[in-house]
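Accompanying notes for the structure given below.
In this note's numbering, the protein residues as written are 262 to 773.
Encoded structure:
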C-alpha cells in the first residue's frame with residue numbers, strides 16, 4: 262500500500278454531511294508528507310475539540326475533530342505492525358461548527374492504529390500546524406474468538422451537575438484506568454435543555470457553560486463543546502473507539518417527532534427542535550452516516566465470534582408518548598423499519614452474546630409528568646408506554662431461539678439489574694437488563710418497576726430519595742457506569758462500578 266513519498270499526490274476532497282469524507286490516499290509516513298512542499302507557508306488552525314475514533318468495525322473507522330475556523334482537516338492514519346498508512350483531507354465550515362469527520366476503509370481487522378489530526382488554511386500540508394494523536398483497535402473478524410472488554414455510561418452534565426472546577430467529570434478517570442476495547446455513550450451525553458452555572462446543584466464550584474437552553478444551533482453546539490472540553494473525557498475518546506447514541510436530552514426532555522416543541526423563553530412556540538438536536542448530535546459524534554440514510558442512527562457492530570452490539574434509536578421514530586398502548590393500535594417506539602431490521606439482525610446473528618442498547622429502560626417507569634405519557638417501554642400505572650411492542654419483540658426472540666441476550670440502558674440516574682422471565686409457559690427463556698448512571702447528573706431514585714415480564718430486581722444502587730443527597734461529595738458516591746468482560750471462550754462478566762471504578766455488583770454469565 263505504500264507509495265513513493267516524493268511523488269506529488271492529488272488529495273481528493275469530498276464534502277458530505279458533517280464533512281464526512283470517503284476514499285483515501287496512501288503515503289509512506291506523516292513527517293515526509295508534511296514536509297513535501299516546503300516552499301508553501303501554510304498557516305495552521307487550532308484544534309479546539311477532539312480527537313475521536315467512532316463506529317469502528319473490522320475494516321473501517323470514522324475520525325472526528327473540530328477546528329476554530331474554516332479550514333482543511335487532515336488525518337494521517339498508520340497501522341502499527343505494517344506501518345502502512347493513509348492520509349485524507351476534508352474541508353470544515355461554519356455550517357457544521359467547524360467539525361469534521363473522515364471515514365477510513367480497507368483497514369486490517371483486529372489491528373492497532375495510530376492517527377494524527379491537524380488543520381490548515383489550505384489543502385496543503387501545513388507543516389507548522391498544531392497536531393494531536395489518537396489510537397484505536399479495529400474489531401476482530403466475526404469468526405475469531407478473542408477476549409473483549411468495554412464500558413458504557415450515560416447521563417452527563419444533567420440538572421446542573423456539570424464540570425467541577427477541580428475535578429471536571431471525575432468518573433472518566435476511573436474509566437481511563439481500565440484497559441478497554443471501546444466505550445459506549447448511551448444517551449443524554451448532553452442536557453440541551455439545561456444549563457451549567459458557577460455553583461452546581463450539590464453546592465460545588467463548576468466551570469460555567471457559556472450557553473442557554475437550546476433553541477438554536479449555536480446553543481446545541483455549545484452544549485457539546487462544553488462536555489467535550491473535559492480533559493479526562495477527551496483522553497478517553499482519543500484512546501479507544503467510541504459508539505454514540507442519543508436519548509431525549511440531546512434535544513429536549515421526553516421528546517419524539519410528534520412532541521418536540523416547547524413554549525416560553527428561550528423557545529419559539531411551534532418550532533420543532535428535533536432537526537436541530539439531530540444535526541448537532543451528528544456534527545459532534547463520530548457516527549458513520551450512510552449517504553442513502555444520512556439521519557439513521559440505529560446500527561450494529563460485530564466484535565469477533567462472541568459479541569454483537571445492536572444500537573437502537575428510541576427517539577426518532579416513536580409514536581406520541583400520550584397515545585394509549587394496546588394491541589389494536591400497535592403503538593411503536595422503534596418504527597416499523599427499525600423493528601424489522603432488529604428482528605432480522607438478531608435472527609441472522611451467530612454471535613455468542615447479543616447486546617441491545619436502549620436509551621430508555623425496560624421496566625422502570627419514566628416520563629414526567631406521567632399524564633403526558635410514559636417515555637420508556639413500561640406504562641407501569643398508565644395506559645401509555647410501549648410495552649406491547651416490547652412484548653412482541655420478546656415473543657419473537659423466544660420463538661426464534663434467540664438466547665444470550667443482554668439489554669443495557671441508562672436514563673434514570675441510578676443503577677439496577679433485572680432478570681426477566683417474560684413467559685410463564687417457557688420459563689427457560691430469560692432476558693437480562695443492566696441499568697447504569699448517572700456519569701454526572703442529578704439523582705432521582707425510585708423502586709417502582711413493572712412486574713408484567715416476570716421481573717426480578719437483582720441489584721439496586723441509588724440514594725434513599727431525590728432529596729437525601731445534600732453535598733457534591735455525597736452525590737459522587739452514587740455516580741456509576743457499567744463494564745463488560747468476555748473471555749475468549751465466551752464467558753461474560755458484567756459489572757456495575759462506582760465513580761472510582763470499584764465493583765458494586767458483578768454477574769458472571771455462561772452462554773447457553
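C-beta: ideal position from N, C-alpha, C; glycine also. Treat the numbers as computed from the prediction; the structure is a model and nothing was measured.
Span separating the alpha-carbon of residue i from that of residue j
i: residue 350; j: residue 601; result: 37 Å
i: residue 689; j: residue 670; result: 23 Å
i: residue 549; j: residue 729; result: 42 Å
i: residue 771; j: residue 529; result: 53 Å
i: residue 766; j: residue 387; result: 50 Å
i: residue 483; j: residue 456; result: 11 Å
i: residue 726; j: residue 463; result: 14 Å
i: residue 449; j: residue 554; result: 23 Å
i: residue 353; j: residue 722; result: 44 Å
i: residue 409; j: residue 318; result: 14 Å
i: residue 557; j: residue 624; result: 26 Å
i: residue 486; j: residue 480; result: 10 Å
i: residue 411; j: residue 747; result: 9 Å
i: residue 682; j: residue 609; result: 23 Å
i: residue 775; j: residue 392; result: Nothing about residue 775 can be reported from this structure: the residues present for the chain run from 262 to 773 only.
i: residue 505; j: residue 715; result: 31 Å
i: residue 390; j: residue 337; result: 13 Å
i: residue 560; j: residue 575; result: 12 Å
i: residue 282; j: residue 422; result: Per-residue confidence for residue 282 stands at a pLDDT of 49, beneath the threshold of 50, marking its modelled position as unreliable; the derived number appears in the next sentence. Each residue's Cα considered, the two are about 36 Å apart.
i: residue 321; j: residue 592; result: 36 Å
i: residue 589; j: residue 454; result: 35 Å
i: residue 764; j: residue 666; result: 22 Å
i: residue 698; j: residue 675; result: 5 Å
i: residue 437; j: residue 495; result: 10 Å
Any C-beta of chain D under 8 Å from that of residue i
i: residue 400; result: In the structure shown, chain D cannot be found, because there is only a single protein chain.
Residue i vs residue j beta-carbon contact at 8 Å
i: residue 365; j: residue 333; result: no
i: residue 515; j: residue 700; result: no
i: residue 399; j: residue 374; result: yes
i: residue 473; j: residue 536; result: no
i: residue 641; j: residue 711; result: yes
i: residue 585; j: residue 644; result: yes
i: residue 420; j: residue 702; result: yes
i: residue 634; j: residue 583; result: yes
i: residue 538; j: residue 569; result: no
i: residue 691; j: residue 657; result: no
i: residue 328; j: residue 306; result: yes
i: residue 492; j: residue 452; result: no
i: residue 446; j: residue 503; result: yes
i: residue 719; j: residue 758; result: no
i: residue 607; j: residue 655; result: no
i: residue 444; j: residue 501; result: yes
i: residue 533; j: residue 581; result: no
i: residue 310; j: residue 489; result: yes
Buried or exposed (CB count within 10 angstroms, at least 16 for buried), residue i
i: residue 651; result: buried
i: residue 342; result: exposed
i: residue 442; result: buried
i: residue 546; result: buried
i: residue 756; result: buried
i: residue 475; result: buried
i: residue 761; result: exposed
i: residue 687; result: exposed
i: residue 629; result: exposed
i: residue 677; result: buried
i: residue 740; result: buried
i: residue 661; result: exposed
i: residue 300; result: For residue 300, the predicted structure reports a pLDDT of 30, less than 50, and the residue's modelled location is therefore unreliable. A value from the coordinates is still provided. Answer is exposed; the Cβ neighbour count stays below 16.
i: residue 749; result: exposed
i: residue 513; result: buried
i: residue 706; result: buried
One or two residues paired with residue i in a DSSP bridge
i: residue 670; result: 696
i: residue 755; result: 745, 768
i: residue 398; result: 373
i: residue 679; result: 694, 718
i: residue 560; result: 572
i: residue 360; result: 327
i: residue 353; result: 332
i: residue 381; result: 305, 333
i: residue 614; result: 568
i: residue 504; result: 445
i: residue 410; result: 746
i: residue 338; result: 347, 376
i: residue 417; result: 701
i: residue 310; result: 327
i: residue 425; result: 429, 467
When you compare the segment 391–409 with the segment 555–572, are there three or more beta-carbon pairs, one atom per stretch, that lie closer than 8 Å? yes
Per the contact definition of three or more C-beta pairs closer than 8 Å, is the segment 653–671 in contact with the segment 613–627? yes
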